[in-house]
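Sequences listed follow chains A and B, in order.
When you line the first sequence up against this note's numbering, it's residues 1 to 206, in that order.
When you line the second sequence up against this note's numbering, it's residues 207 to 412, in that order.
Glycine residues also receive a C-beta, built at the ideal position from the N, C-alpha and C atoms.
All figures in this text were calculated on a predicted structure; none of them were measured in a lab.
Encoded as structure tokens, the structure appears first; notes follow it.
There are 2 protein chains.
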Amino acid sequence: MTRPSDITRDRIMRAAERLFAERGYDHTSIRAIVAKARVNQAAINYHFDGKDGLYREVLRSAFRALTEGQTSHAAEIKALSRERALAEFVRYQLRGLLQRDELTRPIRIFNWETVRPTAVFRELLSQEVAPFMGLATDIISRFMPAADQRTLTLAAIWLVGQCGVFVRNRERLAGPPMSLQLDEAAIEQLAELVSGWAIAGLGSHA
Amino acid sequence: MTRPSDITRDRIMRAAERLFAERGYDHTSIRAIVAKARVNQAAINYHFDGKDGLYREVLRSAFRALTEGQTSHAAEIKALSRERALAEFVRYQLRGLLQRDELTRPIRIFNWETVRPTAVFRELLSQEVAPFMGLATDIISRFMPAADQRTLTLAAIWLVGQCGVFVRNRERLAGPPMSLQLDEAAIEQLAELVSGWAIAGLGSHA
DNA sequence: GCCAAATTCAAACGAGGGTTTGAAAAAAGG
DNA sequence: CCTTTTTTCAAACCCTCGTTTGAATTTGGC
Chain A
1 MTRPSDITRD RIMRAAERLF AERGYDHTSI RAIVAKARVN QAAINYHFDG KDGLYREVLR
61 SAFRALTEGQ TSHAAEIKAL SRERALAEFV RYQLRGLLQR DELTRPIRIF NWETVRPTAV
121 FRELLSQEVA PFMGLATDII SRFMPAADQR TLTLAAIWLV GQCGVFVRNR ERLAGPPMSL
181 QLDEAAIEQL AELVSGWAIA GLGSHA
Chain B
207 MTRPSDITRD RIMRAAERLF AERGYDHTSI RAIVAKARVN QAAINYHFDG KDGLYREVLR
267 SAFRALTEGQ TSHAAEIKAL SRERALAEFV RYQLRGLLQR DELTRPIRIF NWETVRPTAV
327 FRELLSQEVA PFMGLATDII SRFMPAADQR TLTLAAIWLV GQCGVFVRNR ERLAGPPMSL
387 QLDEAAIEQL AELVSGWAIA GLGSHA
């Protein structure tokens with residue numbers, strides 16, 4: 001693991017993860033990556049077989065970081081009452097609003113993919129989207145036990161959407177003209193508001 | 207208006223609007239635009255002072271198309287009961303799911319801007335975002351008359367978010383593994399579901 | 001019909017992108 | 001230690017991009 005070549009590989013991964021999260025795939029040049037990682041330009045092709053290969057690795061790593069956290073909490077969430085489970089889910093989604101970069105970087109990378117999915121991403125998505133949406137659908141189904149599959153799916157998307165809009169527009173909401181304060185306490189309040197609205201909305205169908 | 211030079215200008219605008227909507231700013235080359243418009247490459251610099259200038263014009267046109275439709279309906283929406291107003295708002299937002307390109311093209315252009323706002327867009331946004339969010343906030347305030355400004359703003363974003371997630375992911379939702387049917391009838395159903403959930407959610411605070 | 005202005009055109013420019021190359025350096029194995 | 005393999009390196013290659021150029025053509029007012 002500490003072989004010299006692995007050190008180079010690791011430096012590239014760290015730099016690439018930061019830059020891809022910050023600027024997205026297109027606006028990140030391999031020259032910028034190697035400058036930040038302080039390695040030779042050809043090293044990316046040597047270790048990752050090109051920019052696409054590097055991005056694939058970064059995406060995989062981001063997927064792991066996200067779903068790992070998600071599934072580890074999934075079990076305890078399922079043990080809660082449906083209301084508290086949904087509230088916890090919302091809070092978990094909204095954690096992307098925090099500036100703690102270790103957590104938000106994977107989220108930001110996926111945000112780029114929301115609008116322009118790269119080919120690399122589509123490939124990964126088909127394998128990994130199931131557990132990602134599965135938890136949401138599971139929670140929803142406890143509010144709408146009689147609903148058909150289509151409605152459950154739509155409701156799950158609906159739930160994810162009302163959280164994601166805040167995460168995706170974080171920077172814009174923080175600035176004028178909205179100027180929303182988004183510290184830890186404010187996010188907690190927001191999570192309560194959103195989960196309250198969502199629970200009441202779904203409750204009408206119970 | 208039918209001067210020869212205006213014809214060239216118009217052909218460029220049409221082609222650019224289509225391509226920007228389809229691929230976004232970065233992935234649309236002026237060579238692709240002039241090929242589709244069947245004009246000379248230098249014409250873009252002559253008529254629009256470069257790619258940025260052309261994009262600015264396309265954005266302006268898209269803004270006009272969207273807010274014009276929005277504000278024209280805003281008046282009649284405000285005359286409705288709060289529940290019907292919200293339902294109408296949701297239906298209006300979800301019209302982006304339709305494949306009728308005259309309507310969806312401006313929406314798609316703005317979708318690109320959601321994740322990576324261009325400098326051109328930021329400039330326009332500061333002038334025009336107010337009426338865009340104003341209607342949402344107005345409807346919301348009828349459900350939460352006692353709420354503070356911050357809560358109203360958050361609720362407006364929340365409302366827009368739960369509509370936008372469907373529009374933004376339309377193509378992905380239509381394909382596997384979701385494979386959601388999204389014809390006119392299905393969208394109508396979806397609008398009813400979403401507005402029903404939203405109304406019930408906000409109703410809890412009334 | 002003429003002339004000045006506006007418009008079109010083909011070609012080239014320069015910057016920036018990802019990738020390739022082939023030799024030099026370092027690491028690993030016997 | 002010597003050999004073989006792995007890894008690094010600077011340089012160049014080739015492509016696409018937005019823009020510029022300067023001449024040719026068309027347009028519009030007199």
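| Asked | Found |
| --- | --- |
| Could you list which residues in chain A have their beta carbon closer than 7 Å to that of Q368/B, in chain order? | W158, G161 and Q162 |
| In the DSSP assignment, find the unbroken alpha helix (DSSP H) run with D389/B in it and report its ends. | Here D389/B belongs to no alpha helix (DSSP H), and DSSP marks it neither H nor E. |
| Are three or more beta carbon pairs between the stretch 311 to 319 of chain B and the stretch 226 to 244 of chain B nearer than 8 Å? | yes |
| Which residues mark the beginning and the end of the alpha helix (DSSP H) in which N45/A is found? | A42 to F48 |
| Applying the 10 Å Cβ sphere with the 16-neighbour rule, what's the burial state of L345/B? | Looking at the sequence shown, residue 345/B is not Leu but Ile. Classification of I345/B: buried, given that the 10 Å Cβ count is 16 or more. |
| Determine the chain B residues that contact A198/A at a beta-carbon separation under 8 Å, and present them in chain order. | W403 and G407 |
| Tell me the start and end of each unbroken alpha helix (DSSP H) in the stretch 294 to 344 of chain B that is at least 4 residues and wholly inside, in chain order. | 307 to 321 |
| Which whole-angstrom value describes the C-beta separation of A222/B and L260/B, a residue pair presumed to lie in contact below a C-beta threshold of 8 Å? | 6 Å |
| Taking any Cβ of chain A, which residues in the stretch 345 to 360 of chain B have a Cβ under 9 Å from it, in chain order? | R356, T357, T359 and L360 |
| Just mark R374/B as buried or exposed, buried being the case when its beta carbon has 16 or more other beta carbons within 10 Å. | buried |
| Going by C-alpha to C-alpha distance, which of E57/A, G50/A and R14/A sits closest to K36/A? | R14/A |
| In chain order, what are the residue ranges of uninterrupted beta strand (DSSP E) at least 3 long that sit wholly in the stretch 8 to 41 of chain A? | none |
| Using a beta-carbon distance cut-off of less than 8 Å, what residues from the stretch 291 to 318 of chain B approach chain A? | N317 and W318 |
| Helix, strand or coil: which one does DSSP assign to L59/A? | helix |
| By the 9 Å beta-carbon criterion, what residues does the stretch 222 to 235 of chain B contribute toward chain A? | R229, G230, D232 and H233 |
| With 8 Å as the threshold, decide whether the Cβ of T114/A is near any Cβ in chain B. | yes |
| What residue range is occupied by the uninterrupted alpha helix (DSSP H) comprising G381/B? | Unbroken run through G381/B: none, as it is neither H nor E. |
| Starting from L358/B, trace the alpha helix (DSSP H) in both directions and tell me its first and last residue. | Q355 to R374 |
| Just mark A206/A as buried or exposed, buried being the case when its beta carbon has 16 or more other beta carbons within 10 Å. | Per-residue confidence for A206/A stands at a pLDDT of 43, beneath the threshold of 50, marking its modelled position as unreliable; the derived number appears in the next sentence. Classification for A206/A: exposed. |
| Counting only beta-carbon separations shorter than 8 Å, does L180/A have a partner in chain B? | yes |
| Which residue from E192/A, G196/A, G50/A and G175/A puts its Cα closest to that of R95/A? | E192/A |
| Counting only Cβ pairs nearer than 8 Å, list the residues of chain A close to L396/B. | L154 |
| Measure from the alpha carbon of L86/A to the alpha carbon of each residue in L173/A, W158/A, F166/A and D10/A, then state which is nearest. | W158/A |
| Going along chain A in order, which residues have a C-beta closer than 9 Å to the C-beta of F372/B? | L154, I157, W158 and G161 |
| So what's L80/A in DSSP terms, helix, strand or just coil? | coil |
| Report the rounded CA-to-CA distance for L331/B versus D49/A, giving the unit in angstroms. | 40 Å |
| Pairing CB atoms from the stretch 272 to 287 of chain B with CB atoms from the stretch 340 to 356 of chain B, are three or more of them under 8 Å? | yes |
| Return helix, strand or coil for D6/A, following the three-state DSSP convention. | helix |
| On a CA-only basis, which of A147/A, E88/A, E57/A and H73/A is nearest C163/A? Give me that one, please. | E88/A |
| CA-CA distance, M1/A and Y252/B? | Annotation note: pLDDT 47 at M1/A (below 50); position unreliable, coordinate value reported separately. Their backbone Cα atoms lie some 58 Å apart in a straight line. |
| Which of the three DSSP states is assigned to M207/B in this structure? | Residue placement at M207/B cannot be trusted, given a pLDDT of 49 that sits under 50; the coordinates are not used to answer. |
| Can you give the beta carbon distance from V160/A to Q93/A, rounded, assuming they're within the 8 Å contact cut? | 7 Å |
| Is the beta carbon of L408/B less than 8 Å from the beta carbon of W197/A? | yes |
| Helix, strand or coil: how does DSSP classify A206/A here? | Because the pLDDT at A206/A is just 43, under 50, the model does not fix this residue reliably, and the value given afterwards should be weighed accordingly. DSSP places A206/A in coil when its eight states are reduced to three. |
| For E289/B and F349/B, I'd like the C-alpha separation in whole angstroms. | 9 Å |
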